[in-house]
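Student: Just passing along the structure, written as structure tokens.
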Amino acid sequence: MRFGFGKITLAAAVAAGFLASTNAPVAAQEYPHSTVTLVTHSSPGGGTDVFLREMVGFLGKAMGPTFIVENVKGGSGAKAMAKLASSPTDGSIFYGTTPTYINTSLLSKLDADYTSLEGVANVFMDPQTVFVRADSPFQSISDVVAASKANPDSVLFGVTTPGSLDRQVMEKFKKMTGVTSRVITHDGGGDLLISVLNGTVSAAIGELQELSPQIAAGEIRIITTYTAERLATLPDVPTAREQGIDMVVNKFRGIAGPRGVSDEIKAAWSTGIQKVLEDPDFKAWYSAQSLVPAFMPAAEYDQFLNDFAVDQKAFLIEYGIIK
Amino acid sequence: MEGFATAWSVLTTTPAAFAAVAGVAWGIVGGALPGISPSIAMALLLPFTYDMEPISAIVLLAATYVGAEYGGSIPAILIRTPGTNAAAATSIDGYEMHKQGRGGEALGISLVSGVTGGMIGLIFLVSFTEPLAKLALSFTFPAYFALGVLGLSVIASLSSGSVIKGLMAGVIGLMVATIGTDPLSGVGRFTFDNAELLGGVPFILVMVGVFAVSELMSQAGKPEWRKADDAQTRIKLPSFRNWRKLWKSQGIGSGIGIFEGVMPGAGGSIAAFMSYNEARRWSKEPELFGKGSPEGIAAPETANNAVACTALVPVLSFGIPGSNSTAILLGGLLIHGLHPGPLLFQQEPEFVYGLFGGLAVANVALFAIGMLMLTPAIWLVNRPKPYLMACILALVFSGIYSINHSMFDLYVVLASGLIGYLMRLFGFPFLPLVLGLVLGYLIEANYRRALELTGGDHRVFWESSISLGLLIAAAVFILASAVRDAQMARRKLRAATQAMEANAE
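Protein sequences appear in the order of chains V and P.
One point on numbering: in my numbering, the residue at position 16 of the first sequence is 16, and numbering is uninterrupted.
Residues are numbered in my numbering as their position in the second sequence, beginning at 1, plus a constant of 1000.
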């Protein structure tokens, strides 16, 4: 059993390096299409949908063509992958990635799965955080570990669905620290939040975006982030790494295309994404959303996605979710 | 007060008010067509709401419910064929009045009573949903399990005389609910590696099939309904003096409607008949009932429109639907990623207050549109049935296909339609199937998670006071239904033996 979190950290570091040395060899070149479609399996208003729709305005400015977002729902991404796999590789159509599409590929047998797609560029990482109810005695994840070691039954961990990335994080956390408290799964982020609010579980993993109304209302607190560095929006919250738990988790949001997109197109995206990440208006939006910019160019991103899939598969097999 | 401001800003900045008016108009037409119940009228619209803004989509569905409860009284009064089940009580006195040449007056009473009932129901909805939702925050896994069991216990009271059939239908629903991803282990169950089934069988598809498609199939085998001979009927609103005479029956209708709307499983038809009976019991002129009594229209029509609003209380605060119509509304909420419960009020206040505002618009619009839509509704009811049914079937298929561009979805709808048709043929009730389907996952997941919390100790279900209370309520419900059924059976037996003895002499 191996996990690729170290590798993800490395990737993020490399990405930061890339950001620093903005080399733009094809910036002047015209993009070969006047309209580019970005497909998402998320419904209108969903996380990826909002991210793409927010980004396309800035992408158009940076890259030239008009970008449109198309929602291809159904089968947790299966429909969208099938559409991409049968689409031309000429740079006219792309897919907004999240871990979901890799999970769906692993959980079901599909004609077109994540291997039919190819990473083009990564844009953001959603920081994963540990949160508790406002009146909880826990101030950091070290407190949680201490309480759980003293009495494993006194602590219950909450995660979203059984096959989710946050369950994986929680199981890895237990393994690294040697705590044995039970992990309770839920149907989604909303249910998990209720379980934390009514005290059913003692600590849970969540994304800042989903939690912000309750944080603002003072009902929950973030006690630790699984990020490489402290978040600019939460400067007082320590990272897991600071507390001796060497784990950085990143839920990626990026762009993939049908396998076989030309190097010129990939280079154009590389430049385009780096440009939009520098755009001050876009920066204002994504900083408010606590999204961490994490650009990766095509070759690196494709490798990252494959590594992610290998880790995810190993996790699903170890916990008996797939054979 | 903040809520009023929010509702106003939502209504002025989104097409929600327009959706309310459109929903009422469609509801009146759908309700007026015999066979198209409020739930079918809503199910037909559902596929078209996928790409709308959430607030417009849900206001549209809720307004359809409001409109349909009035629309059902049009054919009930004019052709003695209730357009909806809840309008059956209206047809008793409504058609009598029509025969006496007072059909327009009857329609006017129905409309005024519908608007009154809706408004009173709405006030109740606005004042009680949020406190109840706050209560739902203290619901833990065992409490949700018990709530689901209470929801299912309704099956016992529904199908009087055929409890066995009710249970069978419920079990089918529960079985379908097991398809999809296992809530605790994450393993796929009966998904056959098909990505479409990872999230389970979408219960919207099953509902459209079971309600709408099977109704069309069985309508094809029924004779044409009667046609309204006098298509020129005009609504005559009651004068203030006459309206004042109806206050008592409208009060009875509102009270019963509010109560039955909040209770799971009761719904509009029970409320309508109960309030008809109570209005007769308390009337100064009980002898007029059955012979064209205005009170006999006012009471049930107030009740079923009050139900259309208060039935949203359990849906918005707990996510538990009490009837077919609200199950579809719940489906509409889930499509848009809106999870009912305490968080809905914190995270989506614009949605909640916008919905309340939209319902207020719908009830006001009902008054105006109710008068405008009468002639088109009668015209439509008078069209040949085969054409109408063919159009509705086309609407179902194009609507479902447009959601995901998926043939798989269409097959699910067709298969559910066939199952629904067979269920009708053999006299199985639908609601247990729907309840099993909607509540099955809730019950299973929360039962297993509760045991996960305690490491397998079942005491958790009676140590939590909420869970204990709900489980006792469910037990009382089932026992009371069993006692009632036994009494009815004994009465029947006695009647039969008396008849035999009489014959023997």
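For every residue, glycine included, the Cβ atom is placed at its ideal position computed from N, Cα and C.
Measure how close the beta-carbons of V:Leu165 and V:Arg182 come, nearest whole angstrom, since I'm counting them as under 8 Å.
Tutor: As a working mapping, residue 165 of chain V is identified with position 165 in the first sequence. As a working mapping, residue 182 of chain V is identified with position 182 in the first sequence. Actually they do not touch by this definition, with Cβ atoms about 19 Å apart.
Student: Below 7 Å on C-beta distance, what does V:Ser76 contact in chain P?
Tutor: The residue given as residue 76 of chain V occupies position 76 in the first sequence. Those within 7 Å of V:Ser76 in chain P are Ala1195, Leu1198 and Gly1199.
Student: Got a sec: is the Cβ-Cβ distance from V:Val144 to anything in chain P below 8 Å?
Tutor: Stepping through the first sequence from its first residue, residue 144 of chain V is reached at position 144. Closer than 8 Å: no.
Student: With a CB to CB cut of under 6 Å and the five nearest residues on each side skipped, what residues in its chain are close to V:Ala15?
Tutor: One-based indexing of the first sequence puts residue 15 of chain V at position 15. Caution applies to V:Ala15, whose pLDDT of 46 falls short of 50 and renders its modelled position unreliable; the value that the coordinates give is listed next. Result list for V:Ala15: Ala294, Phe295 and Met296, in chain order.
Student: From this set, P:Ser1185, P:Pro1340, P:Ala1394 and P:Ala1489, which residue's C-alpha is nearest P:Glu1130's C-alpha?
Tutor: The count along the second sequence starts at 1 and reaches residue 1130 of chain P at position 130. Of P:Ser1185, P:Pro1340, P:Ala1394 and P:Ala1489, the residue nearest in Cα terms is P:Pro1340.
Student: Which value, in whole angstroms, describes the spacing of the CA atoms of V:Asn23 and V:Leu52?
Tutor: Locating residue 23 of chain V in the first sequence gives position 23, counting from the first residue. Locating residue 52 of chain V in the first sequence gives position 52, counting from the first residue. Note that V:Asn23 scores 42 on pLDDT, short of 50, meaning its location in the model is unreliable; the coordinates nonetheless yield the value given after this. Distance between the alpha carbons of V:Asn23 and V:Leu52 is about 24 Å.
Student: Which residues in the same chain as V:Ala28 place their Cβ atom closer than 7 Å to its Cβ, once the five residues preceding and following it in sequence are excluded?
Tutor: Position 28 of the first sequence, counted from the start, is the residue given in the question as residue 28 of chain V. Confidence is the limiting factor: at V:Ala28 the pLDDT is only 44, short of 50, which leaves the residue's position unreliable, though a coordinate-based value still follows. Here the set comprises nothing.
Student: Just curious, the alpha helix (DSSP H) that P:Met1097 is in, first and last residue?
Tutor: Here residue 1097 of chain P is taken as the residue at index 97 of the second sequence, counted from 1. Unbroken alpha helix (DSSP H) run through P:Met1097: Ala1088 to Lys1099.
Student: For the alpha helix (DSSP H) holding P:Gln1219, just list the boundary residues, first then last.
Tutor: The sequence position of residue 1219 of chain P within the second sequence is 219, counting from 1. Note, P:Gln1219: alpha helix (DSSP H), Ser1214 to Ala1220.
Student: Short of 8 Å in beta carbon distance, which residues of its chain neighbour P:Arg1241, apart from the five on each side in sequence? Order them along the chain.
Tutor: Position 241 of the second sequence, counting from 1, holds the residue named residue 1241 of chain P. Nothing listed; no residue qualifies.
Student: Rounded to the nearest angstrom, what separates V:Ile222 and V:Leu211 at their Cα positions?
Tutor: As a working note, residue 222 of chain V is residue 222 in the first sequence. As a working note, residue 211 of chain V is residue 211 in the first sequence. Approximately 9 Å, taken between the alpha carbons.
Student: Between which two residues does the alpha helix (DSSP H) carrying V:Tyr301 extend?
Tutor: The residue labelled residue 301 of chain V in the question sits at position 301 within the first sequence. Its alpha helix (DSSP H) spans residues Ala298 to Glu318.
Student: Quick test of your reading: P:Val1413 and P:Leu1205, contact by CB under 8 Å. State the CB separation rounded to the nearest angstrom.
Tutor: The sequence position of residue 1413 of chain P within the second sequence is 413, counting from 1. The sequence position of residue 1205 of chain P within the second sequence is 205, counting from 1. Yes, they are in contact, since the Cβ atoms of P:Val1413 and P:Leu1205 sit about 5 Å apart, within 8 Å.
Student: Strictly by DSSP, which residues pair up with V:Pro293?
Tutor: The sequence position of residue 293 of chain V within the first sequence is 293, counting from 1. V:Phe124.
Student: With 16 as the cutoff for other CB atoms within 10 Å, does P:Ala1020 come out buried or exposed?
Tutor: Counting from 1 along the second sequence, the entry for residue 1020 of chain P is found at position 20. Buried, because 16 or more other Cβ atoms sit within 10 Å of the Cβ of P:Ala1020.
Student: Does the segment 1209–1228 of chain P come close enough to the segment 1252–1272 of chain P to have 3 or more Cβ pairs within less than 8 Å?
Tutor: No contact exists between the segment 1209–1228 of chain P and the segment 1252–1272 of chain P.
Student: The beta strand (DSSP E) with V:Phe94 in it runs from where to where?
Tutor: Here residue 94 of chain V is taken as the residue at index 94 of the first sequence, counted from 1. That run of the beta strand (DSSP E) goes Ile93 to Thr97.
Student: Whose Cβ in chain V lies nearer than 7 Å to the Cβ of P:Leu1137?
Tutor: As a working mapping, residue 1137 of chain P is identified with position 137 in the second sequence. Simply Ile194, Leu197 and Asn198.
Student: Could you tell me which of P:Asp1485, P:Arg1449, P:Val1361 and P:Met1274 sits nearest to P:Thr1012, measuring between CA atoms?
Tutor: Here residue 1012 of chain P is taken as the residue at index 12 of the second sequence, counted from 1. Per the Cα distances, P:Val1361.
Student: Check whether the Cβ of P:Ser1185 lies closer than 8 Å to any Cβ atom in chain V.
Tutor: Translated into positions along the second sequence, residue 1185 of chain P becomes position 185. Yes, P:Ser1185 counts as interfacial toward chain V.
Student: Check this for me: beta carbons of V:Gln139 and V:Lys251, under 8 Å apart or not?
Tutor: Stepping through the first sequence from its first residue, residue 139 of chain V is reached at position 139. Stepping through the first sequence from its first residue, residue 251 of chain V is reached at position 251. Against a cut-off of 8 Å, the Cβ pair of V:Lys251 and V:Gln139 comes out as no contact.
Student: How many angstroms separate the CA atom of P:Trp1008 from the CA atom of P:Gly1354?
Tutor: The residue given as residue 1008 of chain P occupies position 8 in the second sequence. The residue given as residue 1354 of chain P occupies position 354 in the second sequence. Distance between the alpha carbons of P:Trp1008 and P:Gly1354 is about 8 Å.
Student: Sorted by chain position, which residues of the same chain lie with C-beta nearer than 7 Å to P:Tyr1421's C-beta, five sequence neighbours on each side aside?
Tutor: Position 421 of the second sequence, counted from the start, is the residue given in the question as residue 1421 of chain P. Around P:Tyr1421: Ser1214, Met1217 and Ser1218.
Student: Is the separation between the beta-carbon of P:Glu1301 and that of P:Ser1127 shorter than 8 Å?
Tutor: For this step, residue 1301 of chain P is matched to residue 301 along the second sequence. For this step, residue 1127 of chain P is matched to residue 127 along the second sequence. In this structure, P:Ser1127 does not lie closer than 8 Å to P:Glu1301 by Cβ.
Student: Under 8 Å, do V:Gly272 and V:Ala112 count as touching if we go by C-beta distance?
Tutor: The count along the first sequence starts at 1 and reaches residue 272 of chain V at position 272. The count along the first sequence starts at 1 and reaches residue 112 of chain V at position 112. Going by C-beta atoms, V:Gly272 is not nearer than 8 Å to V:Ala112.
Student: Quick one: which chain V residues come within Cβ less than 8 Å of P:Asn1404?
Tutor: Here the question's residue 1404 of chain P lines up with position 404 in the second sequence. The contacting residues are Lys73, Gly74 and Lys79.
Student: Where does the unbroken beta strand (DSSP E) through V:Glu242 begin, and where does it stop?
Tutor: Sequence index remark: in the first sequence, residue 242 of chain V carries index 242 (1-based). Taken as a continuous stretch (DSSP letters only), V:Glu242 belongs to no beta strand (DSSP E), as it is neither H nor E.
Student: Taking 8 Å as the CB-CB cut-off, is P:Glu1350 touching chain V?
Tutor: For the purposes of this step, residue 1350 of chain P is taken as residue 350 along the second sequence, with counting starting at 1. No, P:Glu1350 does not count as interfacial toward chain V.
Student: Can you find the residues in the same chain that come closer than 6 Å, C-beta to C-beta, to P:Ser1283, ignoring five residues on each side of it along the sequence?
Tutor: What you label residue 1283 of chain P is simply residue 283 of the second sequence in a count that begins at 1. Contacts found: Glu1295.
Student: Is there contact between the segment 1134–1145 of chain P and the segment 1422–1434 of chain P, where contact requires at least three CB pairs shorter than 8 Å?
Tutor: No: the two stretches stay apart, fewer than three of their Cβ pairs being nearer than 8 Å.
Student: Is there a C-beta anywhere in chain P that falls below 8 Å from the one on V:Thr185?
Tutor: For the purposes of this step, residue 185 of chain V is taken as residue 185 along the first sequence, with counting starting at 1. By this cut-off, V:Thr185 is an interface position.
Student: Taking 8 Å as the CB-CB limit, is V:Ala217 close to chain P?
Tutor: Taking the first sequence and counting its residues from 1, one reaches residue 217 of chain V at position 217. Answer yes: the Cβ-Cβ gap between V:Ala217 and chain P drops below 8 Å somewhere.
Student: On a CA-only basis, which of P:Tyr1276, P:Met1488, P:Gly1104 and P:Leu1046 is nearest P:Gly1399? Give me that one, please.
Tutor: The residue labelled residue 1399 of chain P in the question sits at position 399 within the second sequence. Minimum Cα distance to P:Gly1399 is reached at P:Leu1046.
Student: Would you kindly work out how many angstroms separate the C-alpha atoms of V:Thr89 and V:Gly119, rounded to a whole number?
Tutor: Translated into the one-based positions of the first sequence, residue 89 of chain V becomes position 89. Translated into the one-based positions of the first sequence, residue 119 of chain V becomes position 119. Cα-Cα distance, rounded: 13 Å.
Student: DSSP on V:Ile194, reduced to helix/strand/coil?
Tutor: The residue labelled residue 194 of chain V in the question sits at position 194 within the first sequence. Three-state DSSP puts V:Ile194 in a helix.
Student: Could you please give the first and the last residue of the uninterrupted beta strand (DSSP E) stretch that includes V:Gly254?
Tutor: If you number the first sequence from 1, residue 254 of chain V lands on position 254. First-last of the beta strand (DSSP E) with V:Gly254: Asn250 to Pro258.
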